[in-house]
DNA sequence: AAAGTATTTGACACGACGTCAAGAACATGA
DNA sequence: TCATGTTCTTGACGTCGTGTCAAATACTTT
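Residue numbers (our numbering), protein chains in the order written: chain A, 20 to 218; chain B, 20 to 218.
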């Protein structure tokens, strides 16, 4: 068989960079083809469709991001862990120039509420899966903290609350672009969940 | 001059319905023209562009929605007010079949991070403006509640927290479509802000 | 009734997604 | 070494989206 003339992973990187900056709907395969120095038709041959290409690129991102979160949530006191968690989250939203926002949140809100779109459903599951895993990670950290007496409450409910807040932060980031505000909200949330003072 | 052959407000209603269901990028002016029984060119003549049409339709929605929130936030104890606020918010996300989600959150995440897009900036301001007004409304309710001894905390910080949560709920709604879950998170948030027991 | 003005209408240019057939490049077997 | 077959690449095509334009149209005003 004839070998690929392009680097599969390189294309995924270039594609996700564009998707992250401009959204799935706002990115054309021509854009990706140009930046990756690949013929547009080759992308269709290799990936099948824009959504399929996005899905592959997103899975790679999701894996990396989840690993980073897990690391952040594994060191120090519960308060330190949650602080590192929010830090990483906000830093992720604010990365790039101009800041690119949260690809998961953006992707979720880009989904069509239309009926027949099967690829949309795959994407929805990918987004939902990452969020579910993040909730599980936070819940584990809270449960461990509770066992150590650093937290008094329902880990499941608190984890859901915290991760819902991070989604809200992603939205406010787009609305106001005010990073100090985001960090204040995050700090306030940690105070609220752990009980203002100690932790 | 020649009079319009279509009802300006009717077009706005039809257009916003489509924008709400399918997003701005996912809605074509042909769709709107068909549903409104108006020639596509007439829409361009009357509104100038899709984004401009969206902006007009959105302003109408924002006004109505804000008025409803204000009403919900004006009756009963602080706990009742916040409950009504979250109720209305979630009911709004879940309205339609299938549920349409939150148009503001969706619109915000649809924005291009691109450079030159001026209409995007107008839309961003419209979204941000509605969110700011909602924050102000919630903050007023909290301040009034504090004056009555129903709340002990920083109204500004708590209002920001609460509204950030509603944005997060809008995202989770798209991810999981689980309305009971949304209502649980909302109840938990009220408990957290008011202090689990009384209020 | 005539003139003027805004609206309507259809054609056009451009770009995006996705498909297809033909050409090109390589591995394998003789 | 050469023929064969399979995959990748390339360019053309169809369809649909946005936005523009000129010509036709319908009303108001003088």
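Glycine included, each C-beta is placed from N, C-alpha and C at the ideal position.
Do you know how far the Cα of residue j is from the Cα of residue i?
i	j	result
residue 73/B	residue 52/B	13 Å
residue 101/B	residue 155/B	13 Å
residue 84/B	residue 92/A	39 Å
residue 179/B	residue 188/A	10 Å
residue 11/A	residue 169/B	What is shown of chain A runs 20 to 218, which leaves residue 11/A out entirely.
residue 202/A	residue 176/B	12 Å
residue 135/B	residue 30/B	Low local confidence applies: a pLDDT of 49 at residue 135/B is under 50, so the model's placement there is unreliable, with the coordinate-based value given in what follows. Looking at the two C-alpha atoms, the distance is approximately 28 Å.
residue 40/B	residue 23/B	27 Å
residue 204/A	residue 89/B	23 Å
residue 104/B	residue 45/B	29 Å
residue 95/A	residue 68/B	53 Å
residue 122/B	residue 110/B	13 Å
residue 167/A	residue 120/B	40 Å
residue 159/A	residue 160/B	35 Å
residue 56/A	residue 66/A	16 Å
residue 58/A	residue 28/A	16 Å
residue 195/B	residue 79/A	22 Å
residue 81/A	residue 207/A	27 Å
residue 99/B	residue 116/A	43 Å
residue 139/B	residue 162/B	34 Å
residue 25/B	residue 47/B	19 Å
residue 112/B	residue 50/A	34 Å
residue 259/A	residue 209/B	Because chain A in this structure spans residues 20 to 218, residue 259/A falls outside the shown range and cannot be described.
residue 114/A	residue 21/B	52 Å
residue 200/B	residue 60/B	44 Å
residue 118/B	residue 193/B	9 Å
residue 215/B	residue 186/A	23 Å
Short check: CB of residue i to CB of residue j, under 8 Å?
i	j	result
residue 124/A	residue 184/B	no
residue 75/A	residue 54/A	no
residue 35/B	residue 77/B	yes
residue 182/A	residue 157/A	yes
residue 70/B	residue 142/B	yes
residue 164/B	residue 97/B	yes
residue 33/A	residue 126/A	no
residue 107/B	residue 87/B	yes
residue 213/A	residue 211/B	no
Q. Looking at C-beta atoms only, is the number of pairs between the region 142-156 of chain B and the region 140-160 of chain A that lie closer than 8 Å three or more?
A. Taking 8 Å as the limit for Cβ pairs, the verdict is that the region 140-160 of chain A does not touch the region 142-156 of chain B.
Q. Along the region 155-170 of chain A, what residues have a CB closer than 9 Å to any CB found in chain B?
A. Result list empty, no residue passes.
Q.
Give me the subset of the region 22-44 of chain A whose CB atoms are less than 9 Å from a CB atom of chain B, sorted by chain position.
A. Here the close residues are 39, 40, 41, 42 and 44.
Q: Can you give me, in chain order, the residues of the region 199-210 of chain A that have a beta carbon less than 7 Å from any beta carbon in chain B?
A: Sequence-ordered contacts of the region 199-210 of chain A with chain B read 204, 207 and 208 [C-beta pairs closer than 7 Å].
Q | Positions along the region 142-153 of chain A whose CB lies within less than 8 Å of some CB in chain B | A | Of all residues in the region 142-153 of chain A, only 143, 146, 147 and 150 place a beta-carbon less than 8 Å from a beta-carbon of chain B.
Q. Of all the residues that make up the region 175-187 of chain B, which are near chain A by a beta-carbon distance shorter than 9 Å?
A. Sequence-ordered contacts of the region 175-187 of chain B with chain A read 176, 177, 179, 180, 182, 183, 184, 185, 186 and 187 [C-beta pairs closer than 9 Å].
Q) Which residues, in chain order, does the region 71-105 of chain A contribute to contact with chain B at a C-beta distance below 7 Å? A) Of all residues in the region 71-105 of chain A, none has a C-beta nearer than 7 Å to a C-beta of chain B.
Q. Between the region 105-125 of chain B and chain A, which residues of the former have a C-beta closer than 9 Å to a C-beta of the latter?
A. The region 105-125 of chain B vs chain A, Cβ under 9 Å: 115, 117, 118, 119, 120, 121, 123, 124 and 125.
Q: Taking a Cβ distance cut-off of 9 Å, strictly less, list which residues of the region 50-72 of chain B are near chain A, in chain order.
A: Going along the region 50-72 of chain B in chain order, one finds no residue with a Cβ nearer than 9 Å to chain A.
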